[in-house]
Structure formats: structure tokens, C-alpha cells
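First comes the structure, then the notes that go with it.
There are 2 protein chains.
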Amino acid sequence: MPDLKVEQPKSLVAIVEERLRNAIVDAEMRLGETLSEEALSEALGVSRTPVREALARLQLQGLVTIVPKKGTFVFAPTEEDVSELCVFRYMLETQALRECMSKARGPALAAMKDALAAMEAAQAGGSRRDYARADTVFHEVFFQHCGNRYLGNAYRGVSGRVAALRTHLSVPLEGEQERSMAEHHLMVEAFAAGRLADLDSILHRHIMRAWDAYADVLRSGEVRG
Amino acid sequence: MPDLKVEQPKSLVAIVEERLRNAIVDAEMRLGETLSEEALSEALGVSRTPVREALARLQLQGLVTIVPKKGTFVFAPTEEDVSELCVFRYMLETQALRECMSKARGPALAAMKDALAAMEAAQAGGSRRDYARADTVFHEVFFQHCGNRYLGNAYRGVSGRVAALRTHLSVPLEGEQERSMAEHHLMVEAFAAGRLADLDSILHRHIMRAWDAYADVLRSGEVRG
DNA sequence: TTCCTGTATCTTGCATACGGACTGGAGATC
DNA sequence: GATCTCCAGTCCGTATGCAAGATACAGGAA
């Protein structure tokens, strides 16, 4: 018998969650913005129940903050937050890369090259949002091939924030995107060559430079509602 | 004016979540056991809504599995699961210890000693459940003092599973608890002396030995409902 | 003016109702 | 006896209603 498996239609909760997540990550909403369950449910054309459940999930991903009886707000990171997030992210990514290299070097490399191509395409296309998305995909590759689901889950738990910061706080600095591309190229090269130490240091520099940029923007206070 | 701040009564969701979590972690429920939202809500004396929300949170902690339209089940780890979990746990704990040592050595050491004392008390008292709980607290200390909330969150995301395995899969092997105590003592000593490399290797041995024990029990198949 | 207070209106927390999807078993059919 | 079909029971997904806390603001008292 052929494989006739049908995919289940997504639940409303899943749809709402994805929609809201995209709205936050793609900067359709401002950091700190107030969200009302009722307003959202009306805007989305569903009842409050799935909205509420989706918001609860997003809270666990750190994308919104729910204050009892007051309201729900898009997350608003402090400088310290961003710093800790970067440190944590570096820890996860470096570990994931280590696992990738020892367990699934070939497939991981191929996927990284694909993602890199997508980044180049986005850069050529000139859309900052597309570039940020491709960047996100690139880093997700590490976790798809690391062979440890818990590592991947942990990353998923912060990837929303990372991606959101990328979109909200990235400023089109002179040559910034070019430097980012160059670093990604270097990472792929180091990975292909199996130079783990180099890879670590590039990744560290890459993430910490991003942190600098974010911190600058945060200090300038331009992103608050 | 004196400080008269009142603590907010916990929400029903939080209460239900904690209650269910304890029930799973303390092995009041069997691994793989079926949970019905309605049955739970009746047993707990609340409506399905908070139960449902609590179950969703527990799913994100990996303590239950929700199958759409079918039911909710207490998690049932495979041998592979446990292996990946141990690897991941070692990664997190070793990183947390590193941060503790460089940022909050004194307080962390004090807290570890307290936890150790509690473990000894539990051992003297002879309750396996109390010992397992104290063990859990000991390892949580690392994350309370590591100064990185994301690291702590990531641990919270798996600590339920870790704690549950401790209770479900630990068998009172000859001298097992004594060996565990000895290892914890060694860890505290190494931490106090600032011997990070030793600490790492003790921790690694400690976790991997636990893994061995769990795997044995899993293979024997005694824990399934 | 300044401060307090009552109230209108917002928010979420929780309970409940209904319908669709799944499961297991009794009975019919071959 | 084996297999199919139908049906009742159970579960979840979603919508809706009500209660209670939080907030903002108008209006009165000092």
C-alpha cells in the first residue's frame, strides 16, 4: 500500500501562535506593545480561547509577557537581557556545532550551504526582512543536525527572541550586512575543514558583534513604543 | 509605612500545574499513563480550562504528551531519550557551574553545602523520595547562582524530566545512595577549591552513571504501565 | 490648586456548553 | 469463525458567558 498519510489540519491555536509569532518577529508589532485577547480574537476571527492558549505558549517562548488582570505585552528586552541571551545563544550554538561535526558533518554542511545561498539571494533582493529570515534559518541548521532533541528544544525556546531582536534592533549600518555575510562564509569554511576552534571563535565574534549593535540601538531608545 | 505587600493568590493554572508536576515527578502516576482532562478537572475540583492550560505547560516541560483528539499521557522516555537528556543536562550543568565559579562562588558554595546537608538528612531519614528531592535541589543551585536567566530557564525545561527519571527509574541498588552522596561531596570540594576540570569530570561521571542505571531499568521494562 | 474617591471601562480568570473526532464493542454478514 | 458495519461512549477543540481585579478619569472636598 502506498503511503497515503494525510496531514492533519492545524489547530486554531497553532495557526494563531504562528501568526502572532511572525507578527512579533517580523516587527509588525512594536516591542512592549499592548495586546488584548479580545482585540486579537476579533482581528483574527476566532474566539478568545485559542488566542489565550497561543499567548500562553508565546509567553513560554519569551515573546510576550502576560501580567495578570492587566494585559499582555510584546516582550521588551533590557540591555542585560540581551547580553545574557547572547551568552546563552553562543553556548548552545557552539555545542550544537560540535555535535554536528562529529555526527552529521556532510548533511549539516550541505544544509548550511543552502541556507547561505538563501542569504545571498535575500541580500541581492535587498529585503532586510528576508535576509533576517535566512539568517535565522542558517543558525537553525545547527540544531536540526545536531542529533539531540533537547538541544534543539532549548534553542527553539529562545530562537523567537533572537529572531525578533534581529529584525527589531538591526540597523542598516554601513557595510553591516556584508560583514555578516562574510562571517557566515567563514563559518561554513571552518566547518567544512573541521576547524572547530576557528569555528568557535568566529561564532563568538559573530554573536558578540550582534550584541554590540543591539545594545547600541537599545541605548538609543528608538525601539520603544 | 511598613511593608504590607500581600502575595497574590496563585492562579488555578499554577496550582494545577504544580500539583500534576509533583504527581508525575513523585511517581504517583505511572509513565505512559493516560490522563483525561475531564477526569483530572473532577479530581482536582476545578473546571477543564485551567487543567487544559496546565497540561499544555507540562507538555512544554516534556512531562506529558498531548495527542490531539486522543488524550494526554504521562511521558514515557525511550532509552535514546534518556541518553540525549543526560548529554544535554551535562552540557547545561557544566556551563552553569563555570558561570557560578566566576561570578558567585561564595553564595553558590554556601547553597551547595546547604543542599548537601539536606541530602544527608534525607538519607538518614531513609526516604527515597526525600533524597531524590534534595538531589534535585542540589543541582538547581547551579542555575540559581549562575547569573544567566536563560540558562536557568533551559534547565527548568528539562528539570522535570530529570527529576521524574530520578524517582521512577532509580532502584535501590547496593550502595547506590552512598556512592551518589560521595560524588556530591566531591563536587562540593572541587568547587570550593576552584578545580574546574575535576568538577567537570566528576559531574560527567555522576550523570553518566545515572544514565547507566536508568537504561538498565528501562531495558528491564518494569516501569511501563 | 491638590488630593482623594467613586465609577465606568478595560483587562484577564474561570466555568460551561456544544460539536467533531476517535475508540471499542455488539451485532450483522459472508 | 472471520470480517465488516454501525453505534454509543469518551475525548478534545472551540465558543461563549460571567465574575473579579486593574486602571483612568471625572468630580468633590480641603
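Top to bottom, those sequences are chains A and B.
Here this note's numbering is used: the first residue of the first sequence is 1, the next is one more, and so on.
Here this note's numbering is used: the first residue of the second sequence is 1, the next is one more, and so on.
Think of the CB as a built atom: it goes at the ideal place given N, C-alpha and C, for glycine as much as any other residue.
Contact set between Gln95/B and chain A, taken where Cβ atoms lie within less than 7 angstroms: Indexing the second sequence from 1 puts residue 95/B at position 95. Neighbours of Gln95/B on chain A, chain order: Met91.
Chain B contact for Asn22/A (CB, 7 angstroms cutoff): What you label residue 22/A is simply residue 22 of the first sequence in a count that begins at 1. Cβ-Cβ to chain B under 7 angstroms: no for Asn22/A.
Continuous beta strand (DSSP E) assignments of at least 3 residues falling wholly in the stretch 180 to 223 of chain B: none
Exposure of Gly225/A, with buried meaning 16 or more beta-carbon neighbours within 10 Å: Counted from its first residue, the first sequence places residue 225/A at position 225. Note that Gly225/A scores a pLDDT of 38, beneath 50, so its modelled location is shaky; the value from the coordinates is reported in the next line. Per the 10 Å Cβ criterion, exposed.
Asp212/B to His145/B span [Cα, whole Å]: Against the second sequence, residue 212/B aligns to sequence position 212. Against the second sequence, residue 145/B aligns to sequence position 145. Cα to Cα, Asp212/B sits roughly 29 angstroms from His145/B.
Contacts of Ala157/A in chain B (Cβ-Cβ under 9 angstroms): Looking up residue 157/A in the first sequence gives position 157. The sequence shown places Gly at residue 157/A, rather than the Ala named in the question. The contacting residues are Leu60, Tyr150, Asn153, Ala154 and Gly157.
C-beta neighbour in chain A for Leu109/B, strict 7 angstroms: Counting from one through the second sequence, the residue named residue 109/B turns up at place 109. Taking Cβ atoms only, chain A never reaches closer than 7 angstroms to Leu109/B, which makes this a no.
Residues near Arg21/A by beta carbon distance below 8 angstroms, same chain, minus five either side: Numbered from its first residue, the first sequence carries residue 21/A at position 21. Answer for Arg21/A: Leu58, Gln61, Leu63 and Gly160, listed in chain order.
Own chain partners of Phe143/A with C-beta closer than 7 angstroms, once the 5 adjacent residues on each side are dropped: Here residue 143/A refers to the residue found at position 143 of the first sequence. Closer than 7 angstroms at the Cβ level, and outside the excluded window around Phe143/A, lie Ala96, Leu151, Gly152 and Tyr155.
Local Cβ density within 10 Å of Glu210/B, reported as buried at 16 or more and exposed below that: Position 210 of the second sequence, counted from the first residue, corresponds to residue 210/B. With the sequence shown as reference, residue 210/B is identified as Ala, and Glu is not the correct amino acid for it. The residue in question, Ala210/B, is buried, as its Cβ has 16 or more Cβ neighbours within 10 Å.
Identity of the residues DSSP links to Thr65/B by a beta bridge: As a position in the second sequence, residue 65/B is number 65, starting the count at 1. According to DSSP, Thr65/B bridges with Phe73/B.
Assigned exposure category for Thr34/B - 16 Cβ within 10 Å defines buried: The residue you call residue 34/B lines up with position 34 of the second sequence. With fewer than 16 Cβ atoms within 10 Å of its Cβ, Thr34/B is classed as exposed.
Ala107/A, enclosing alpha helix (DSSP H) - first and last residue: If you number the first sequence from 1, residue 107/A lands on position 107. It should be pointed out that residue 107/A corresponds to Pro in this sequence rather than to Ala. Arg105 to Gly125 is the extent of the alpha helix (DSSP H) around Pro107/A.
Beta-carbon proximity list for Ala134/A, same chain, < 7 angstroms, skipping 5 on both sides: By 1-based counting over the first sequence, the position of residue 134/A is 134. Taken in chain order, the residues that qualify are Ala115, Ala118, Met119 and Ala122.
Cross-chain neighbours of Leu203/B in chain A, by beta carbon under 7 angstroms: By one-based count along the second sequence, residue 203/B stands at place 203. Under the 7 angstroms cutoff, chain A gives no residues; its nearest Cβ is about 15 angstroms from Leu203/B.
Length of the line joining the Cα atoms of Asp26/A and Met181/B: To locate residue 26/A, count along the first sequence from 1; it is residue 26. To locate residue 181/B, count along the second sequence from 1; it is residue 181. If I take the Cα positions, the gap works out to 50 angstroms.
Rounded distance between the beta-carbons of Val82/B and Met29/B, thought under 8 angstroms: Position 29 of the second sequence holds residue 29/B. Position 82 of the second sequence holds residue 82/B. Actually they are not in contact, since the Cβ atoms of Met29/B and Val82/B sit about 18 angstroms apart, beyond 8 angstroms.
Three-state secondary structure (DSSP) of Thr78/B: Counting from 1 along the second sequence, the entry for residue 78/B is found at position 78. It is coil, neither helix nor strand.
Under 8 angstroms from the C-beta of Phe88/A: neighbouring residues of chain B: The residue labelled residue 88/A in the question sits at position 88 within the first sequence. Residues of chain B passing the Cβ test: Asn148, Tyr150, Leu151 and Ala154.
Leu31/A - DSSP class collapsed to helix/strand/coil: Reading the first sequence from its first residue, position 31 is the one you call residue 31/A. It is coil, neither helix nor strand.
Pairwise C-alpha distance: Cys86/B and Ala192/A: The residue you call residue 192/A lines up with position 192 of the first sequence. The residue you call residue 86/B lines up with position 86 of the second sequence. Approximately 28 angstroms between the Cα atoms of the pair.
CB contact check: Glu84/B to chain A, cutoff 7 angstroms: Counting from one through the second sequence, the residue named residue 84/B turns up at place 84. Interface residue, yes.
Rounded straight-line distance, which links the Cα of Glu17/B to that of Leu55/B: Here residue 55/B corresponds to residue number 55 of the second sequence, with the count starting at 1. Here residue 17/B corresponds to residue number 17 of the second sequence, with the count starting at 1. Distance between the alpha carbons of Leu55/B and Glu17/B is about 7 angstroms.
With 16 other Cβ atoms within 10 Å as the buried cut-off, status of Thr72/A: Against the first sequence, residue 72/A aligns to sequence position 72. Classification for Thr72/A: buried.
For Leu196/A and Met101/A, believed in contact at Cβ under 8 angstroms, the rounded distance: Along the first sequence, read from residue 1 onward, the residue named residue 101/A stands at position 101. Along the first sequence, read from residue 1 onward, the residue named residue 196/A stands at position 196. Rounded, the Cβ-Cβ distance is 6 angstroms, consistent with contact.
Secondary structure of Gln144/B, DSSP reduced to three states: As a first step, residue 144/B must be located in the second sequence, where it is residue number 144. Gln144/B falls in the helix class under three-state DSSP.
Reference His139/A, options Asp130/A, Val51/A, Ala163/A and Gly194/A, closest by Cα: Taking the first sequence and counting its residues from 1, one reaches residue 139/A at position 139. The residue with the shortest Cα to Cα distance from His139/A is Ala163/A.
Alpha-carbon spacing of Pro251/A relative to Ser41/A, whole angstroms: Given that chain A is displayed from residue 1 to residue 225, the structure contains no residue 251/A and the question cannot be resolved.
Contacting residues, own chain, Cβ-Cβ under 6 angstroms from Ser201/A (five flanking each side not counted): Stepping through the first sequence from its first residue, residue 201/A is reached at position 201. No residues qualify anywhere along the chain.
Beta-carbon proximity list for Arg48/B, same chain, < 7 angstroms, skipping 5 on both sides: Looking up residue 48/B in the second sequence gives position 48. These residues qualify, in order along the chain: Glu37, Glu38 and Ser41.
Buried versus exposed, by CB contacts within 10 Å (16 or more), Glu53/A: As a first step, residue 53/A is located in the first sequence; it is residue number 53 there, counting from the start. By the 10 Å Cβ count, Glu53/A comes out buried.
Range of the contiguous alpha helix (DSSP H) that encloses Ser41/B: To locate residue 41/B, count along the second sequence from 1; it is residue 41. Counting along the chain, the alpha helix (DSSP H) containing Ser41/B begins and ends at Glu37 to Leu44.
Cβ shell of Tyr214/B (< 6 angstroms), same chain only, five flanking positions each side left out: As a position in the second sequence, residue 214/B is number 214, starting the count at 1. The residues are Val82, Leu165 and Leu169.
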